[in-house]
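When the letters of the sequence shown are read in order and numbered with this note's numbering, they come out as residues 16 to 360. Glycine included, C-beta positions come from ideal geometry on N, C-alpha and C. Keep in mind it's a predicted model, so treat the numbers as computed, not measured.
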Amino acid sequence: MKALVYQGPGQKDWIEKDKPTILKPTDVIVKITKTTICGTDLHILKGDVPAVTPGRTLGHEGVGIVEEVGAAVANFKPGDAVLISCVTSCGKCANCKRGLYSHCDDGGWILGHLIDGTQAEYVRIPHGDNSLYPIPEGADEEALVMLSDIMPTGFEIGVQYGRVKPGDTVAIVGAGPVGMSVLLTAQFYSPGRIVMIDMDPARLALARQFGATDTIQVGSEDVVAKVMEMTGGLGVDVAIEAVGVPATFDTCQKIVSAGGSIANVGVHGKPVELHIEELWIKNINISMGLVNTNTTPMLLKTLGTGKVDPSKLVTHRFGLNEMLAAYEVFGNAAREKAMKVILSA
Ligand SMILES: NC(=O)c1ccc[n+]([C@@H]2O[C@H](COP(=O)([O-])OP(=O)(O)OC[C@H]3O[C@@H](n4cnc5c(N)ncnc54)[C@H](O)[C@@H]3O)[C@@H](O)[C@H]2O)c1
Ligand SMILES: [Zn+2]
Ligand SMILES: [Zn+2]
Numbered sequence: 016m017k018a019l020v021y022q023g024p025g026q027k028d029w030i031e032k033d034k035p036t037i038l039k040p041t042d043v044i045v046k047i048t049k050t051t052i053c054g055t056d057l058h059i060l061k062g063d064v065p066a067v068t069p070g071r072t073l074g075h076e077g078v079g080i081v082e083e084v085g086a087a088v089a090n091f092k093p094g095d096a097v098l099i100s101c102v103t104s105c106g107k108c109a110n111c112k113r114g115l116y117s118h119c120d121d122g123g124w125i126l127g128h129l130i131d132g133t134q135a136e137y138v139r140i141p142h143g144d145n146s147l148y149p150i151p152e153g154a155d156e157e158a159l160v161m162l163s164d165i166m167p168t169g170f171e172i173g174v175q176y177g178r179v180k181p182g183d184t185v186a187i188v189g190a191g192p193v194g195m196s197v198l199l200t201a202q203f204y205s206p207g208r209i210v211m212i213d214m215d216p217a218r219l220a221l222a223r224q225f226g227a228t229d230t231i232q233v234g235s236e237d238v239v240a241k242v243m244e245m246t247g248g249l250g251v252d253v254a255i256e257a258v259g260v261p262a263t264f265d266t267c268q269k270i271v272s273a274g275g276s277i278a279n280v281g282v283h284g285k286p287v288e289l290h291i292e293e294l295w296i297k298n299i300n301i302s303m304g305l306v307n308t309n310t311t312p313m314l315l316k317t318l319g320t321g322k323v324d325p326s327k328l329v330t331h332r333f334g335l336n337e338m339l340a341a342y343e344v345f346g347n348a349a350r351e352k353a354m355k356v357i358l359s360a
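Shown next, in the form of structure tokens:
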């Protein structure tokens, strides 16, 4: 089979590899029908995630058809259409029992990281019973691919951890696929205002189409002054960081109102300066974390009822064997006006 393989910093190849086989009775082999590329894959390619070693197949998102199941798999059989979660979980350990799937004793984010991932013709999914979801009849498969990672990430770590409430003023810093997922799922709670902040005017225009009431362009406007002016000097109820650099966390701590929340979604590689001397008196909450994907069943329901349509995040489509061309487009997202790419087998 063909797979997108990490060959060390800056190097990748679409090459022939052995088809995965069942290694444990709880494994499921899935034939990929649709997959995508995540910003995290670009981080890995830069060499930012040293746990990924040369030879690893990348990718942690996708949908497919069950090809083969291990002897202990109860919920799936060959031929079933499935959604693959970016987080693998056994469903039985203490952390899984409390919904903290990202810290499963025998799972977590391992796909395309510690084990071979979904940017391939076939993938082995450990603990298939708990890490796969049946695809509802008639569901839009492109929309479903957004439920592997970015939608639960935006919803759980941005919206739920940030405690978005009806009427709130919410600021989202970073209008990438994750920030856009925050924007889409925040609307479940009817916030009063959603302010999207980014430097890319094309992404800000898209954010307005997706429900942002206001946008602020970093670089051409003073973000903090603008937010304070919009909110009568109070700041926002919820400031959501969806970039992963010190400057954007700093923006969040400057614009959060008394009694508000900062929800950090971005993956950080450098420390940030926490202004506790200003924040302690403001009764705020700060949260952060790795997506658990415990809300995937809920998101599947909202998709089914048309409450949210994440397929609008898809801007480019390729064949699975055009993987390198898809990386070229996604890796130059601003130039190509790309948000999410879909690769179909
Ligand atoms: N917590 C989790 O479980 C989890 C899961 C998935 C992704 N993430 C992280 O979420 C973050 C966002 O992911 P993404 O795929 O949307 O990333 P992305 O790189 O596609 O998008 C980031 C956006 O931030 C904007 N940006 C960059 N610098 C900025 C600045 N100074 N001010 C305002 N905007 C700025 C960019 O223009 C871009 O639109 C990343 O750090 C990613 O690693 C976290
Ligand atoms: Zn991802
Ligand atoms: Zn577990």
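Quick check on this structure: which residue in the options has the alpha carbon closest to the alpha carbon of residue i?
| i | options | result |
| --- | --- | --- |
| Ala349 | Asp120, Met214 and Thr200 | Met214 |
| Asp324 | Glu244, Thr266 and Leu198 | Leu198 |
| Val253 | Cys105, Lys32 and Ala278 | Ala278 |
| Leu305 | Leu314, Lys297 and His283 | His283 |
| Ala96 | Lys46, His58, Ala217 and Cys53 | Lys46 |
| Ser146 | Val81, Ser302, Phe225 and Gly226 | Val81 |
| Thr184 | Gly207, Cys108, Leu219 and Thr266 | Gly207 |
| Gly346 | Gly191, Gly114 and Asp164 | Gly191 |
| Gly259 | Glu244, Pro286 and Val251 | Pro286 |
| Thr228 | Ile187, Ala257 and Pro261 | Ile187 |
| Gly226 | Met195, Met243 and Glu256 | Met195 |
| Gly250 | Ala273, Gly234 and Pro261 | Ala273 |
| His75 | Thr51, Ile172, Asp121 and Val43 | Thr51 |
| Leu126 | Leu115, Ser104, Cys111 and Ala109 | Ser104 |
| Ile99 | Ala66, His142 and Val242 | His142 |
| Thr317 | Gly234, Pro261, Met161 and Ile44 | Met161 |
| Glu157 | Leu335, Cys111 and Ser326 | Ser326 |
| Leu328 | Val193, Ile30 and Val78 | Val193 |
| Ala86 | Cys111, Ile44, Gly281 and Ile130 | Ile44 |
| Ala66 | Gly281, Ala18 and Ile130 | Ile130 |
| Val84 | Gln26, Ala18 and Lys92 | Lys92 |
| Asp164 | Leu315, Tyr342 and Lys241 | Leu315 |
| Gly94 | Tyr342, Ala18 and Pro149 | Pro149 |
By a C-beta neighbour count over all protein chains shown, 10 Å radius and 16 as the cutoff for buried, is residue i buried or exposed?
| i | result |
| --- | --- |
| Arg332 | exposed |
| Leu38 | exposed |
| Gln175 | buried |
| Pro312 | exposed |
| Ile212 | buried |
| Ala201 | buried |
| Pro69 | exposed |
| Gly247 | exposed |
| Arg113 | exposed |
| Gly132 | buried |
| Lys297 | exposed |
| Asp120 | exposed |
| Arg139 | buried |
| Ala262 | exposed |
| Glu244 | exposed |
| Ser235 | exposed |
| Ile8 | Lying outside 16 to 360, the shown extent of the chain, residue 8 is not represented and no answer is given. |
| Thr41 | buried |
| Gly77 | buried |
Ignore the nearest five residues each way along the sequence and tell me which others in residue i's own chain have a CB closer than 8 Å to its CB.
| i | result |
| --- | --- |
| Ser205 | Pro181 and Gly182 |
| Gly319 | Pro151 and Ala154 |
| Gln268 | Ala254, Ile277, Leu289, His290, Glu293 and Leu294 |
| Glu337 | Leu358 |
| Pro24 | Leu60, Lys61 and Gly62 |
| Val64 | Thr55, His58 and His128 |
| Val239 | Thr266, Lys269 and Ile270 |
| Thr310 | Pro167, Phe170, Glu171 and Gln175 |
| Cys108 | Cys119, Asp120 and Asp121 |
| Ser302 | Ile172, Tyr176, Gly177, Ser276, Ile277, Ala278 and Asn279 |
By Cβ distance, which residues of its chain are closer than 6 Å to residue i, with the 5 residues on each side in sequence left out?
| i | result |
| --- | --- |
| Ser359 | Lys49 |
| Ser382 | Nothing about residue 382 can be read from this structure; the chain reaches only from 16 to 360. |
| Gln22 | Asp28 and Pro69 |
| Asp56 | Leu73 |
| Arg71 | Tyr21 |
| Cys111 | Ser104, Cys105 and Cys119 |
| Gly321 | none |
Cutting at 7 Å between CB atoms, please list the residues of its own chain near residue i, excluding the five before and the five after it.
| i | result |
| --- | --- |
| Met16 | Lys32, Lys34, Ala135, Glu136 and Tyr137 |
| Ala217 | Lys352 |
| Ser1 | The displayed coordinates of the chain run from 16 to 360. Any statement about residue 1 would go beyond what the structure contains. |
| Ala340 | Phe333 |
| Leu219 | Ala190, Met211, Asp213, Thr230 and Gln232 |
| Val344 | His331, Glu351, Ala353 and Val356 |
| Asp237 | none |
Worksheet item: What are the start and end residues of each continuous alpha helix (DSSP H) run of 4 or more residues lying completely inside the segment 234-258, in chain order?
Response: Here the runs fully enclosed are 238-245.
Discussion item. Which residues neighbour ligand 2 when neighbourhood means a C-beta less than 7 Å away from any of its non-hydrogen atoms? List them by chain order.
Written reply: Cys53, Gly54, Thr55, His75, Glu76, Cys101, Asp164 and Ile165
Worksheet item: Which runs of the alpha helix (DSSP H) spanning at least 4 residues fall entirely within the segment 49-110, listed in chain order?
Response: Restricted to the segment 49-110, the alpha helix (DSSP H) segments that are unbroken, complete and at least 4 residues in length are 54-61, listed in chain order.
Discussion item. Could you tell me which whole alpha helix (DSSP H) segments of length 4 or greater appear in the segment 131-188?
Written reply: List check, alpha helix (DSSP H) in window: 143-146 and 156-160.
Worksheet item: Which residue spans inside the segment 290-343 form an unbroken beta strand (DSSP E) run of at least 3?
Response: 300-303 and 329-334
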